[in-house]
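Undergrad: Residue numbers for the sequence shown follow full-length UniProt numbering, so the first one is 1 and each next one is one higher. Every residue, glycine too, gets a C-beta built ideally from N, C-alpha and C. Bear in mind the structure is a predicted one, so any value in this text is a computation, not a measurement. Right, I'll just put the structure down here and ask away after.
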Amino acid sequence: MSEIEFTIHCPVCSMTKINRSLLFSFQGIDHYFCSSQCLDRFKDRPHLFVGDPQRGLSPKQKKQTVFKKRKIRFSKALDAELTAAITESLQALMGIEALVFEGQDLYVTYDLLQVSLEDIENIIEQVAISLRDGLVDKIKRGVIHYNEECELDNLAHLTRDGGCH
């Protein structure tokens, strides 16, 4: 009898390099992940990544991407060392498509299905604490975070015709 081989893919980013200790069971099926970032993303909204028999394929299974481009303004232009540290840390995240520094602005393009602005900002804050501490900036970021959360919730609620509710 021949043995069937198959490759396990991370349901969030489709990588085949899986960490077997990152396991989550959903609807009776074990799912393995490449990173804790992907595991956390899946736990938040599993229906973005797995479909169901009544409503069909999920956005990820349909190979959908939700690209966002955001501008993050720092209180001053960053020096080369800090720019390099932020770039390296952000490029380690799944879903980051492009990073462009222009003066005191960082333009970041990312796939919302894999990473959110909140995730990106958390990394930046870890690398450079207190660069952005203005109340107006926090309010603006809060509104963007809320909008992204609503968009992800809509995408996670599958409908029969494949659209959002």
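1. Leaving out five residues before and five after Leu90 in sequence, what residues of the same chain have Cβ atoms less than 8 Å from its Cβ?
2. Anyone know if the C-beta pair for Asp143 and Ile86 falls short of 8 Å?
3. Based on DSSP bridge pairs, tell me the residues matched to His31.
4. With a CB to CB cut of under 6 Å and the five nearest residues on each side skipped, what residues in its chain are close to Lys71?
5. When you compare only the Cα positions, how much space is there between Phe113 and Lys68?
6. Using only alpha-carbon positions, find the residue among Thr7, Ser75, Gly56, Ser25 that is nearest to Ala156.
7. So the candidates are Cys38, Phe26, Phe24; which of them puts its Cα closest to the Cα of Met15?
TA: The answer reads as follows:
1. Position 90 of the sequence shown holds residue 90. The answer, listed in chain order, is Ile96, Leu99, Val108, Ile120, Ile123, Ile124.
2. Walking along the sequence shown from the start, residue 143 turns up at place 143. Walking along the sequence shown from the start, residue 86 turns up at place 86. Note that residue 143 is Val in the sequence shown here, rather than Asp. No, these two residues do not count as a Cβ contact at 8 Å.
3. As a position in the sequence shown, residue 31 is number 31, starting the count at 1. Its beta-bridge partners are Phe24.
4. Position 71 of the sequence shown holds residue 71. Within the same chain, Asp105, Tyr107 come within 6 Å of Lys71 by CB-CB distance, once the 5 residues on both sides are set aside.
5. For this step, residue 113 is matched to residue 113 along the sequence shown. For this step, residue 68 is matched to residue 68 along the sequence shown. Here the sequence assigns Leu to residue 113, which means Phe is not the residue at that position. The alpha-carbon atoms of Leu113 and Lys68 are separated by roughly 10 Å.
6. Residue mapping note: residue 156 aligns to position 156 of the sequence shown, counting from 1. Of the candidates Thr7, Ser75, Gly56, Ser25, Gly56 places its Cα closest to the Cα of Ala156.
7. Taking the first residue of the sequence shown as position 1, residue 15 is located at position 15. Taking only the C-alpha atoms, the option nearest Met15 is Cys38.
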